[in-house]
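The opening residue of the sequence shown carries number 1 in my numbering; numbering runs sequentially from there.
Note that the Cβ used here is the ideal one computed from N, Cα and C, for glycine as well.
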Amino acid sequence: MALNTLLFSWFPFLLFIPLLYLFIRRKPDGRNRPPSPPKLPIIGNLHQLSTKLHRSFSRLSLKYGPIMLMDICSVPLLVISSSEMAREILKTHDHVFCSRPKLDGVRRHSYNHKDIAFSPYGNYWREMRKLCVLEVLSPKRVQLFGYVRVEEVAYMIDSISASCSSVIRLDKKLMFLTDHIIQRVALGTSYRGKNDDSREFSKLVHGALYTIGLSSAADMVPFLGRVIKFVTTLSYWHEKNFRALDSFLDQVVKEHTDPNRQKSESEDIVDVLLRLQSGDQFGEVSLTKTHIKAAVMDMFIAGIDTTAVSIGWTMAELVRNPRVMKKVQTEVRSCIGKKGKVEESDLDRLHYLKMVIKESLRLNPPSSILLPRESMSHCNINGYDIDPKTMVLVNVWGIGRDPGLWKNPNEFFPERFIDCSIDPKGQYFEFLPFGSGRRGCPGMQLATAVSELALANLLYCFNWELPAGMKAVDMDMDEGGIFVIHKKSGLQLVPIKYNWES
């Protein structure tokens, strides 16, 4: 009884402790830290974020400014939401912010693959980046693989033609397209139905994307992350998926070293890496089979979803905006005439199409938030002190819809790019769909080439309608995903064959 009385008398004080802790701030240390939303014990600012991180960050930045410091459990997170602050991070202080956080989830599940996209800044990363830019994804090599893009786009058009006047999932067709283009560019062949094991290749890659993403998210929420990692580590499917993918890549490398192998028209990515390996060293890094497998995996992880999602968003915006759809189709069809298809040599004449793609990338960048960076040392940004080991996220989606940079920013209006020098190559910080600086996307030229050719042929060969009973204003544009933002409900459209001979 006495114990119950004692607990009851202290109960109000026990309730007061967490409330008191809620208002405790860091002790003054003479540093000027960026503005920060109020935090809760243990979870920090986690409660203020939704699954649509880019929208949460944009909402908070309206109150706390374009440079904002948050705590996600024990992880300090700097959120950048303006072009000026993006320039500071990605250009002025790029040497400080060019590293990646050491995400244990990626490391532990890569079976010793040194994942380029998530590796910390160092000799390995510098040399592999140079290899990608100068050899693997150089403009010359992207051009050499033009025949692959032409053949795969033609395959997609034939597939859609077989389903004309019926509802199709265009997003799945686009995923299939980019998947097989990258297979042929990276591996020298497309595993389209060759055997049971090969048909599973795409599933293995997407399974790897899912589990890496889950494990990486777990690293940001340590106390919950331990539970997630424990469950995923014991998952039979998880382990089987990664081991199967690793075995598959081993087999690919083995096939490429076979002297009797029949090679494709141009060196694929594995051929290039093996050729460089035979020279013993590329720069300061000796290439191994593990490096080769890691480079191939990075290409699939970075390229399949983002390019397909980008084309899908463009088609969705065009269907919702009949004026723009009519204008771009008129341009394409008048330029191509009765040729029956759009060739890559025609693309330079399609100026409005390029504006349409730019506008879609501004409104719906496939990576709404650039992949995380991490400060390697103390830095001063806009008068604020940034500590080492601070994770940095640049909200590309929010910058692309900033009313201070763009007139009527939520409107799909490609004409805003007429006589405008802004391009997506990373030099204009109000428009960063491919990032910028040392961590800019090395596959930008390949992605652009695929997007332009695919869209031009889709617009030339078909008229596009919504399923019966659906109006453009009713189209569901809800988003799914965290870093790669896709149309959550998919893209269901009805293709109507265009008679180009008439």
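query                                                                                                                                                                                : result
Answer with buried or exposed for Q262, where buried requires no fewer than 16 other C-beta atoms within 10 angstroms of its C-beta.                                                 : exposed
Between the C-alpha atoms of I24 and L62, what's the straight-line distance to the nearest angstrom?                                                                                 : For I24, the predicted model reports a pLDDT of 45, less than 50, meaning its position is unreliable; a value from the coordinates is still stated below. Roughly 24 angstroms separates the two Cα atoms.
Residues bridged to E547 by DSSP?                                                                                                                                                    : The requested residue 547 is not part of the displayed model; the chain covers only 1 to 502.
Check whether the region 356-364 and the region 333-346 touch, using three or more Cβ-Cβ pairs below 8 angstroms as the test.                                                        : no
How would you label M477, buried or exposed, when you count the other beta carbons within 10 angstroms and need 16 or more for buried?                                               : exposed
Return the CA-CA distance between V319 and M475, expressed in angstroms with no decimal places.                                                                                      : 9 angstroms
Run through DSSP, which three-state label would I369 get?                                                                                                                            : strand
According to DSSP, is Y147 part of a helix, a strand, or is it coil?                                                                                                                 : helix
Could you pull out every unbroken alpha helix (DSSP H) segment of at least 4 residues lying fully inside the region 356-407, listed in chain order?                                  : 396-400
Would DSSP call G340 helix, strand or coil?                                                                                                                                          : coil
Per DSSP, which residues does M70 bridge with? Please list them.                                                                                                                     : L77
By alpha-carbon positions, which one of S451, V396 and V473 ends up nearest to M85?                                                                                                  : V396
Leaving out five residues before and five after Q48 in sequence, what residues of the same chain have Cβ atoms less than 7 angstroms from its Cβ?                                    : P37, S56 and L60
Three-state secondary structure (DSSP) at K487?                                                                                                                                      : strand
Give me, in chain order, the residues of the same chain whose beta-carbon lies closer than 7 angstroms to that of V148; leave out the 5 immediate sequence neighbours on both sides. : I181, R184 and V185
In whole angstroms, what is the alpha-carbon distance linking E374 and S310?                                                                                                         : 27 angstroms
By the 10 Å Cβ neighbour count, where 16 or more other Cβ atoms means buried, how is L187 classified, buried or exposed?                                                             : buried
Figure out for me which residue from L249, L177, T189 and D268 has the closest Cα to the Cα of T307.                                                                                 : L177
For the candidate residues L90, H93, R100 and I43, whose alpha-carbon lies nearest to that of S74?                                                                                   : I43
Measuring alpha carbon to alpha carbon, tell me which of P414, I80 and L53 ends up nearest G65.                                                                                      : I80
In or out: P139 buried (at least 16 other Cβ within 10 Å) or exposed?                                                                                                                : exposed
Report the three-state DSSP secondary structure of S286 (helix, strand or coil).                                                                                                     : coil
Under the three-state reduction of DSSP, which class applies to I157: helix, strand or coil?                                                                                         : helix
CB L370 to CB A456, shorter than 8 angstroms?                                                                                                                                        : no
Buried or exposed: where does E411 fall if 16 or more other Cβ atoms within 10 Å of its Cβ makes it buried?                                                                          : exposed
Apply the 10 Å Cβ neighbour rule to I485 and answer buried if 16 or more other Cβ atoms are within range, or exposed otherwise.                                                      : buried
I'd like to know if the region 465-472 and the region 483-497 are in contact, where contact means that at least 3 CB-CB pairs between them fall below 8 angstroms.                   : yes
T92: buried (16+ other C-beta within 10 angstroms of its C-beta) or exposed?                                                                                                         : exposed
Does the region 126-139 come within contact of the region 291-301, defined as at least 3 CB pairs closer than 8 angstroms?                                                           : yes
Tell me whether G437 sits in a helix, a strand or coil according to DSSP, three-state version.                                                                                       : helix
With distances taken Cα to Cα, identify the nearest neighbour of G400 among L204, G437 and S360.                                                                                     : S360
If you compare alpha carbons, which of I357, V252 and R439 is closest to D423?                                                                                                       : I357
How many whole angstroms separate the CB atoms of V96 and M376, which I take to be in contact at a CB cut-off of 8 angstroms?                                                        : 6 angstroms
What residue from G404, S278 and T330 has the CA that sits closest to L459's CA?                                                                                                     : T330
Taking the alpha carbon of L432 as the reference point, which residue from I418, G480, S368 and P403 has its own alpha carbon closest?                                               : S368
I need the straight-line Cα distance from M70 to L78, nearest angstrom please.                                                                                                       : 6 angstroms
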